[in-house]
Amino acid sequence: MITYPRWLENTADAPRLRLIGIGNAGVHIADRITRHTSFQLETFALNSDKQSLNSSSAGTRIALGPMTTHGLGAGGDSETGLEAAKESLKDILTAIDGADILMICAGLGGGTGGPTAALVAKLGKERGALPVAIITSPFRFEGRRRAAQAAEALTELKKHSDVIVHFENDRMADFSEPGQDAQKTFAACDELLAGAITTLACVAKGGGPLPVSLPDLISILRHSGDGCLFGSGSGEGDNRADLALEEALRSPLLDNGRLLKNGSEVLVNISGPSNIGFVEVAKIMQGVSSHTSDRTNLHLTLSVATNSDRLTVSLIGRTGIGELQHLPVRETAPAPQPALEEHKPNPKPPTQKIHQEDLPLEPIAKGRFVNSEPTIFEGEDLDIPTFIRRKLLN
Amino acid sequence: MARDKLHVGLEIGTTKVCAVVAESRPNGELRLLGVGESPSRGVRKGEIVDFTNASKCVHDALADAEDRSDREIDKVWLGITGSHIKGFNHRNSAILPAEAEITDAEIEEVECKEQDLGIPKENHMLHSIIQRYYVDGQAGVIDPRGMLGSRLEADFHIIHGIANRIQNAIRCVKEFEIEVADVVVNSVASAQVVLNDHQKRAGALVVDIGGGTTDFLIYQDGAIRHSGVIAIGGDHITNDLCIGLRIPIARAEKLKIEEGSTEIDTIKANDRITLKNDTGFSGKEVDRRTLNLIIHARLHELLTILRKHVQEVVPEHLLGAGILLTGGCSQTKGIRELAESVFQGTPVNLAHAQSVSGPASAFENPQLSTCIGLTRYAQIVHSQLQQTSLFDSFFKQLGSKLKIV
């Protein structure tokens, strides 16, 4: 059952969001989000591994179980992890107190993340906050022990957290090209996750011409523990709505929109400049509904961001129709995926991926190839005559 | 087989759709019976962009081929290209039970499975071509059958492309209730007729510069080492001329074929070509030097890009048999010299289909290399099938895995 969080009784104030990254994976994701988000977010990093904590850019860093683990991490053992968390209970409470929504992000399967996340969710709920767990399950190749620990941690989390957004690493790595390095795949997974959390935070903060109410959001995401649907994309120019939707559907967690058929609740968040047209909104919703089934409950939110002229579409949903096990998960080692954006000093929000700008040349320059798929080599558009690019005539 | 076997190759090209009908004689000879052609519409850079028009052209070309060869076509081998076609090398290995003899079962185990390659989900594997085997790390094993070993490894060259685009080309043919025996990447097909066994072993680069794309393939030690597609071709030259000289596309195409050359240095200033007037075109004088400069710039750039692709994999000096240029664009005057200046020190030759019989005008035309190559590919696949007739039922799978040497 869901208990209504404290702040709903006093709706005058905007909810206080807090992002808590737990364990190596959680801290990593939290860091990434802090670097990317455009709005204020209180971030906490909780870890038993001192080294990871020290490199974190979170607002507050809390070392778990300095006596239990001596700052060396839980070594992948969930019992050590839980002990460490219990030792630092007082510190954990400082992270929870005063928050209205706790966004707990952790990677399950390791020693620290899983058990501590469950504990934080439990404590948070007891203190009237709404725990939102954003978790990843380990890659299949990481072995059975981690998978078992992850499953255990997930059951525990479900008891205490109403909203669980669950990402399966196996699915996320499922978009790849041969011969790319593993590091980029991991980075891309983190990127996707950071995008999802940022979107959730944006939606939860409300505002805009068509906000979604918190209870609605909770009901959309409640019990999405079995797998989460997420995709995000952005576009600009005349057909920005199409571009954004297409990119969003291309997300590996949606499988080109095919997985939307299994969604019981899908939230569509459209954000962009104030000149978003009604036609564009209608087009996007039409596009989404063509992929969903009759039983899918669609929700629309609209928010306006003045600092960008890009239109961003994000889809979040939970599966309910059909079993996720039947979905095509390829049993492959993750072969890597093009890096989206990594460690940029001044990054944009993660939903705004690098966009190839067209050179401002007159349209005649491409002649008959003006509408065909461009041939790009080392950043040059080869459809433009060589003599123009090399300035050979006159 | 006593009966002569008929093979039909079909290429849906950017400038023309062409179908070659050839028969395989019992003595292994491949004889061309007829060539059907139709100017292509609805194809850009080797990929179908206008399905209705493209399938009309396919129909015309097939009908033309039936007329000329006096045979009925029921099955074709389809050539495919486009920038989405990618090739890469992949090593697979299988651990065998201690000291087991290697049989067909073990060899099958080491074969590439599409899902293990990490190619994108929307892509489909077109070829996995064996390069060499290793038994317990011993390199250069050509046929491991019957050998003892505990570890069997194999290098493959994998070529894959976007499944939907490949399907579109197949559907274009199936419209007329003609079966597609298999889809073959253009460069693989061309190489089968342009190169002989000696050249394949010595190492050679085959470059098929067509209308919309440039397909290349490297043979080394008798196996395919690398392949790729660059989405630039003769169409780009025509387009450049159209823009640079301000003449209509049709005139630019004609001018390119009749007068085009890559020579610049020997051209005198004020050497002008007069274009006659035509409906909707009032005639024009163009400067020959400008014309050649535009063509030179485009081809020089194309060959430079090609060289970068090749150098990533094989140093040029290892191409013992040098570079062979084929395809319609290889008829451009001066392209051989230009290629030699780009690939310094590597011999460059113009090539057309070899070791086939029939009307010389057909097999000596470099535009038809791919299409004739498709029939040769079909012949090779069939001859290997006869040797292993037991596997006839696996025909479909075998088609793409056969050892093309």
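Here the protein sequences line up with chains R and L, keeping their order.
Just so we're on the same page, my numbering is the position in the first sequence counted from 1, plus 628.
Just so we're on the same page, my numbering is the position in the second sequence counted from 1, plus 12.
C-beta atoms are modelled at their ideal positions from N, C-alpha and C, and glycine is treated no differently.
*Determine the closest residue to residue 390(L) out of 158(L), 193(L) and 206(L), with distance taken between C-alpha atoms.*
Counted from its first residue, the second sequence places residue 390(L) at position 378. Nearest option by C-alpha distance: 193(L).
*Kindly indicate if chain L contains any beta-carbon less than 8 Å away from that of residue 993(R).*
For the purposes of this step, residue 993(R) is taken as residue 365 along the first sequence, with counting starting at 1. Closer than 8 Å to some Cβ of chain L, the Cβ of residue 993(R) qualifies, so yes.
*What did DSSP end up calling residue 929(R) once you bin it into helix, strand or coil?*
Start at 1 with the first residue of the first sequence, and residue 929(R) comes out as number 301. Residue 929(R) sits in a strand when the DSSP states are folded into three classes.
*In this structure, what does DSSP give as the bridge partners for residue 17(L)?*
As a first step, residue 17(L) is located in the second sequence; it is residue number 5 there, counting from the start. 36(L), per the DSSP bridge assignment.
*Kindly provide the ranges of any beta strand (DSSP E) runs that are 3 or more residues long and lie completely inside the region 147 to 179 of chain L, ordered along the chain.*
150 to 153 and 160 to 174
_Between residue 1005(R) and chain L, is any beta-carbon pair separated by less than 8 Å?_
Start at 1 with the first residue of the first sequence, and residue 1005(R) comes out as number 377. For residue 1005(R), the answer is yes, since a Cβ of chain L falls inside 8 Å of its Cβ.
*With DSSP as the reference, please indicate the residues paired to residue 288(L) in a beta bridge.*
For the purposes of this step, residue 288(L) is identified with residue 276 of the second sequence, where counting begins at 1. Secondary-structure assignment with DSSP links residue 288(L) through no beta bridge to anything.
*If you follow the alpha helix (DSSP H) that residue 375(L) is part of, which residue opens it and which one closes it?*
Position 363 of the second sequence holds residue 375(L). Its alpha helix (DSSP H) spans residues 372 to 375.
*Does any CB atom of chain L fall closer than 8 Å to the CB of residue 767(R)?*
Numbered from 1 along the first sequence, position 139 holds the residue referred to as residue 767(R). No - not a single Cβ of chain L is within 8 Å of the one on residue 767(R).
*asked:* Along the chain, where does the alpha helix (DSSP H) containing residue 305(L) start, and where does it finish?
replied: In the second sequence, the residue the question calls residue 305(L) occupies position 293. Its alpha helix (DSSP H) spans residues 300 to 323.
*Buried or exposed for residue 679(R), please, with buried defined as at least 16 other CB atoms from any protein chain shown within 10 angstroms of its CB.*
The residue labelled residue 679(R) in the question sits at position 51 within the first sequence. Classification for residue 679(R): exposed.
*Any Cβ of chain L within less than 8 Å of the Cβ of residue 1015(R)?*
Along the first sequence, read from residue 1 onward, the residue named residue 1015(R) stands at position 387. True, the Cβ-Cβ gap to chain L drops below 8 Å.
*To the nearest whole angstrom, what separates the beta carbons of residue 743(R) and residue 710(R), a pair I think is in contact under 8 Å?*
Numbered from its first residue, the first sequence carries residue 743(R) at position 115. Numbered from its first residue, the first sequence carries residue 710(R) at position 82. That belief holds up - the Cβ atoms of residue 743(R) and residue 710(R) are roughly 4 Å apart, short of 8 Å.
*Looking at the unbroken alpha helix (DSSP H) that takes in residue 69(L), where does it start and where does it end?*
In the second sequence, counting from the first residue as 1, residue 69(L) sits at position 57. From DSSP, the alpha helix (DSSP H) with residue 69(L) extends over 63 to 81.
*Consult DSSP for residue 239(L) and reduce its assignment to one of helix, strand or coil.*
Here residue 239(L) corresponds to residue number 227 of the second sequence, with the count starting at 1. DSSP, reduced to helix, strand and coil, places residue 239(L) within a strand of the structure shown.
*Using a Cβ cut-off of 8 Å (strictly closer), state whether residue 313(L) contacts chain R.*
The residue labelled residue 313(L) in the question sits at position 301 within the second sequence. Closer than 8 Å: yes.
*Mind checking who residue 833(R) pairs with in its DSSP beta bridge?*
Counted from its first residue, the first sequence places residue 833(R) at position 205. Paired residue(s): none; residue 833(R) is not in a bridge.
*Quick one: Cα of residue 779(R) to Cα of residue 729(R), how far?*
Along the first sequence, read from residue 1 onward, the residue named residue 779(R) stands at position 151. Along the first sequence, read from residue 1 onward, the residue named residue 729(R) stands at position 101. If you take the alpha carbons of residue 779(R) and residue 729(R), they lie about 24 Å apart.
*For the candidate residues 693(R), 768(R) and 920(R), whose alpha-carbon lies nearest to that of residue 798(R)?*
Reading the first sequence from its first residue, position 170 is the one you call residue 798(R). Nearest C-alpha to residue 798(R): 768(R).
_As assigned by DSSP and simplified to three states, the class of residue 764(R)_ = Taking the first residue of the first sequence as position 1, residue 764(R) is located at position 136. Strand at residue 764(R).
*Would residue 879(R) count as contacting chain L if we go by Cβ distances under 8 Å?*
Taking the first sequence and counting its residues from 1, one reaches residue 879(R) at position 251. No, residue 879(R) does not count as interfacial toward chain L.
*Along the beta strand (DSSP E) that carries residue 50(L), what are the first and last residues, could you check?*
Position 38 of the second sequence, counting from 1, holds the residue named residue 50(L). First-last of the beta strand (DSSP E) with residue 50(L): 42 to 51.
_Alpha carbon of residue 423(L) to alpha carbon of residue 300(L), nearest angstrom_ = Shown here, chain L extends from 13 to 417; a query on residue 423(L) therefore has no answer.
*By the criterion of Cβ-Cβ separation under 8 Å, what are the contact partners of residue 61(L) in chain R?*
By one-based count along the second sequence, residue 61(L) stands at place 49. Residues of chain R passing the Cβ test: 1000.
_Give me the chain L residues within the contact set of residue 996(R), using Cβ-Cβ distance strictly less than 7 Å, ordered along the chain._
The residue you call residue 996(R) lines up with position 368 of the first sequence. Among the residues of chain L, those whose CB is under 7 Å from the CB of residue 996(R) are 251 and 261, following chain order.
*residue 329(L) in three-state terms, based on DSSP*: On the second sequence, position 317 is the one that residue 329(L) refers to. Here residue 329(L) sits in helix by DSSP.
*Name the one or two DSSP bridge partners that residue 145(L) has.*
Position 133 of the second sequence, counting from 1, holds the residue named residue 145(L). DSSP output for residue 145(L) lists 153(L) and 166(L) as bridge partner(s).
*Counterpart residues of residue 1005(R) in DSSP-defined beta bridges*: By 1-based counting over the first sequence, the position of residue 1005(R) is 377. Answer is 1008(R), bridged to residue 1005(R).
*Do you know whose CA, among 180(L), 238(L) and 116(L), lies nearest residue 199(L)'s CA?*
Looking up residue 199(L) in the second sequence gives position 187. Closest by alpha carbon: 238(L).
*asked:* Short of 8 Å in beta carbon distance, which residues of its chain neighbour residue 176(L), apart from the five on each side in sequence? Order them along the chain.
replied: Within the second sequence, numbered from 1, the residue matching residue 176(L) stands at position 164. Around residue 176(L): 134.
*When the cut-off is 8 Å and only beta carbons count, does residue 77(L) lie next to chain R?*
To locate residue 77(L), count along the second sequence from 1; it is residue 65. Against chain R, the CB of residue 77(L) has no partner CB under 8 Å away; the residue lies outside that interface.
*Under the three-state reduction of DSSP, which class applies to residue 673(R): helix, strand or coil?*
The residue you call residue 673(R) lines up with position 45 of the first sequence. Strand.
_Whole-angstrom distance between residue 42(L) and residue 13(L), CA atom to CA atom_ = Counted from its first residue, the second sequence places residue 13(L) at position 1. Counted from its first residue, the second sequence places residue 42(L) at position 30. At residue 13(L) the pLDDT is 40, less than 50, meaning the model places this residue with poor confidence and gives no usable figure here.
*For residue 869(R), which of 900(R), 859(R) and 890(R) has the nearest alpha-carbon?*
One-based indexing of the first sequence puts residue 869(R) at position 241. The candidate whose alpha carbon is nearest that of residue 869(R) is 900(R).
*Cβ separation of residue 645(R) and residue 761(R), assumed to be a contact under 8 Å, to the nearest whole Å*: Taking the first sequence and counting its residues from 1, the one referred to as residue 645(R) is at position 17. Taking the first sequence and counting its residues from 1, the one referred to as residue 761(R) is at position 133. Between residue 761(R) and residue 645(R) the Cβ distance is about 14 Å, and since that is not below 8 Å, they are no contact.
*asked:* What would DSSP say about residue 1015(R), mapped onto helix, strand or coil?
replied: Against the first sequence, residue 1015(R) aligns to sequence position 387. Residue state, collapsed to three classes: helix.
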